[in-house]
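For this note's numbering, count along the sequence shown from 1 and bump the result up by 9. We treat Cβ as the ideally placed atom computed from N, Cα and C, and that holds for glycine. All figures in this text were calculated on a predicted structure; none of them were measured in a lab. First up is the structure itself, then whatever we jot down about it.
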Amino acid sequence: MLHGNADQSMTVKDPDTASAPSPSASIGSKSLWTIGTYVGSAGIRFGSNVVLSRLLGPEILGVVVIAQAVRMGCDLLTDLGPEQNVVHSPHGEDERFLNTVWTLQILRGLLVSLACLALSPVLAHFYRIDVGVLMVVSAAPLVNSFMSTSIFSAAKRMDVKARNMLELGAEAVGLVINVALAVSLRSVWAPILGIVLSVAARSALTYRLPHPRHRFLIDRAHAAQILGFSKWIMLSSVSFYAAIFADRLYLGRVVSLATLGVFGLAKVVSELPATVAGRLAFQIVFPFVAQHGDAFGTATPARKELGRMRGLFLLLVLAGIGTVMAWSDWAVRLLYGHRYAEAGWMVTLLLVGGWISVLCSLNEATVFGRGAPRNVGFANLLRFGTMAAVLPVGFHALGLPGALLALPASELMRYAILLKAQRRLRTTFVAQDVALSLALLVVFGGWVLLRLTLGLGEPWQLMG
């Protein structure tokens with residue numbers, strides 16, 4: 010039902026808020042919680058990928074790549090940004106506001122699932138896969154929409170411990186579900202059913218965090234605020250999806266399902282650094298900058314503290330990326346077997362773009378925190394434009410390696426647009442980014458030199 014008054018709302022409070030340390034005083038410990046739990050989460054996800062690659066062939070994983078791309082497309086193309094709205098809005102802890110968010114996300118989830126269902130026959134014909142696969146996956150947006158707003162409230166309070174423990178638990182449950190299905194079914198239906206059941210498990214787990222009494226309610230004033238802010242979130246999400254999944258959607262049409270499956274595995278591995286950066290950015294950096302407002306643009310202690318945390322995080326990331334880039338061929342053969350050997354050189358090339366994506370994720374969060382989502386949307390729009398231009402040209406000129414060059418090219422475009430916005434908002438960390446990028450080259454070059462000295466060849470030697 011509709012309600013016109015947004016002022017007589019109850020407030021969801023954290024009983025520990027009054028005694029909690031300020032965000033600036035605890036950003037370091039919160040970052041450690043975020044990174045630490047993500048390492049556990051990534052370990053679970055990585056283990057799941059290894060097990061599934063041993064039980065299922067590349068052709069099956071190729072179908073999963075397409076199904077995931079279609080599912081995420083239906084989801085992100087109508088993204089209302091519920092978490093960003095709760096974090097950014099001064100009414101973000103009001104019960105009426107939270108229930109308006111909850112109701113809108115369920116209505117949206119229903120519409121998205123119906124749209125996915127309607128498009129399934131056309132998309133299945135285009136990609137030459139079983140229509141039933143896409144019809145089953147169509148349920149995921151609706152199932153996901155029933156999650157509690159508790160995780161958005163945790164993000165607003167910067168309660169990263171509760172949020173990340175929930176995500177870790179969801180990953181663990183997902184691992185059990187996917188492995189059990191793969192062992193019992195040994196077909197494409199194992200990962201497809203695993204997608205929907207894992208989403209359902211995560212939605213259910215969100216109700217274990219403190220949350221308001223959820224009920225269907227749309228407050229007109231709050232809804233207008235949410236939709237007004239969401240138009241820029243939606244633009245950013247559309248552009249983000251187009252840039253992230255354009256390679257999968259394009260390659261799904263021009264290469265075999267087996268090759269697409271190998272590429273999908275390499276893409277999952279190469280996206281791990283950007284994923285942890287994104288989690289850190291939107292659980293720590295975004296709310297931290299948003300709470301400080303315009304004052305963050307000056308040389309304040311908060312800005313200096315964020316710079317220190319950012320630098321330490323990027324040092325860890327560059328050490329990991331540089332090492333994996335240099336030894337990915339050996340790691341892939343050892344963990345995934347000979348069927349996925351070509352994923353080695355793909356990981357090396359994709360991680361170049363992965364590093365730039367890490368920098369962009371952190372920079373994007375500062376721009377969001379300063380209340381400028383349109384700049385993020387524009388950056389992701391040009392990112393997609395670059396990806397769309399380079400993908401076919403690169404593929405026709407150099408084959409698959411040429412197509413993969415679209416990722417670093419598109420991330421460079423995204424970085425350039427975000428940098429322009431950061432300079433205007435006085436939140437740039439460009440000197441730090443350049444210095445650490447050079448350090449990454451040193452780490453990678455050192456490992457390659459060691460390989461050549463030992464007669465082990467280059468990590469890209471299987472590139473075809």
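Identify which residue in the options has its Cα closest to the Cα of residue i.
| i | options | result |
| --- | --- | --- |
| A232 | T112, F438 and V73 | T112 |
| N94 | R54, G380, I115 and V457 | G380 |
| V145 | V48, L244, A76 and F254 | A76 |
| W42 | E102, V169 and P401 | V169 |
| R117 | L126, D103 and D84 | D84 |
| V298 | T215, L214, A448 and T375 | T375 |
| R105 | R229, G320, L260 and K276 | R229 |
| G408 | V263, I115 and G178 | V263 |
| T436 | L315, P67, L458 and V152 | L315 |
| I227 | V110, A328 and F291 | V110 |
| A148 | P310, R217, R80 and A440 | R80 |
| D103 | K165, I115, N153 and I69 | K165 |
| L194 | I115, I69, I44 and A290 | I69 |
| A267 | R348, G101 and V182 | R348 |
| R172 | L214, P221 and K276 | L214 |
| I293 | A283, M318 and P310 | M318 |
| Q470 | A398, A350, F438 and A425 | A350 |
| H97 | C125, I115 and A163 | A163 |
| A328 | G464, A199, W456 and L65 | W456 |
| A78 | G45, G101 and L132 | L132 |
| K313 | F55, G464, M174 and F438 | F438 |
| V443 | L458, G178 and A425 | A425 |
| G45 | L119, M174 and F55 | M174 |
Roughly how far, in whole angstroms, is the beta-carbon of residue i from the beta-carbon of residue j, given that I think they are within contact range, below 8 Å?
| i | j | result |
| --- | --- | --- |
| R63 | G346 | 7 Å |
| F161 | P91 | 6 Å |
| N384 | R423 | That pair is no contact at about 11 Å. |
| A4 | I186 | Nothing about residue 4 can be reported from this structure: the residues present for the chain run from 10 to 473 only. |
| P150 | I242 | Rounded, the Cβ-Cβ distance is 16 Å, inconsistent with contact. |
| A335 | R460 | 7 Å |
| G386 | S248 | 6 Å |
| N153 | V208 | 5 Å |
| G320 | Q441 | 6 Å |
| L476 | K276 | There is no way to answer for residue 476, as the model of the chain reaches only from 10 to 473. |
| A286 | H301 | At roughly 20 Å, the Cβ-Cβ gap does not stay under 8 Å, so A286 and H301 are not in contact. |
| L427 | E373 | 6 Å |
| L65 | A199 | 7 Å |
Are any of the Cβ atoms in chain C nearer than 7 Å to that of residue i?
| i | result |
| --- | --- |
| A283 | Absent from the structure: chain C. Only one protein chain is present. |
Are the beta-carbon atoms belonging to residue i and residue j less than 7 Å from one another?
| i | j | result |
| --- | --- | --- |
| I476 | E180 | Past the edges of the chain, shown from 10 to 473, lies residue 476, and the structure says nothing about it. |
| T158 | V121 | no |
| V72 | V188 | no |
| L445 | L325 | no |
| L391 | G403 | no |
| L184 | S57 | yes |
| V452 | P417 | no |
| F254 | F377 | no |
| S419 | M396 | yes |
| S265 | V356 | no |
| K142 | I201 | In the sequence on display, residue 142 carries Val and not Lys. Yes; because the gap between Cβ atoms is below 7 Å, this pair is in contact. |
| R342 | Y47 | no |
| L260 | L269 | yes |
| G331 | L244 | no |
| G353 | S337 | yes |
| V271 | P67 | yes |
| F135 | A251 | no |
| N108 | R217 | no |
| L421 | A412 | no |
| L371 | A290 | yes |
| L281 | A51 | yes |
| A191 | L89 | no |
| V59 | L447 | no |
Segments assigned alpha helix (DSSP H), at least 4 residues, entirely inside the region 347-400: 352-378
- prompt: Along the chain, which unbroken stretches of the alpha helix (DSSP H) at least 4 residues long are found entirely within the region 310-348?
  reply: 310-345
Which ranges does the beta strand (DSSP E) cover as unbroken runs of at least 3 residues, wholly within the region 414-469, from first to last along the chain? none
Every unbroken alpha helix (DSSP H) inside the region 106-169 [4 residues or more]: 140-146, 149-154 and 159-165
### Query
At what residue ranges does the region 191-248 contain a whole run of the beta strand (DSSP E), taking only runs of 3 or more?
none
**OP:** List in chain order: all unbroken alpha helix (DSSP H) runs of 4+ residues lying wholly within the region 47-98.
**Re:** 67-85 and 91-97
Q) Which full runs of the beta strand (DSSP E) of 3+ residues lie inside the region 267-293, going along the chain? A) none
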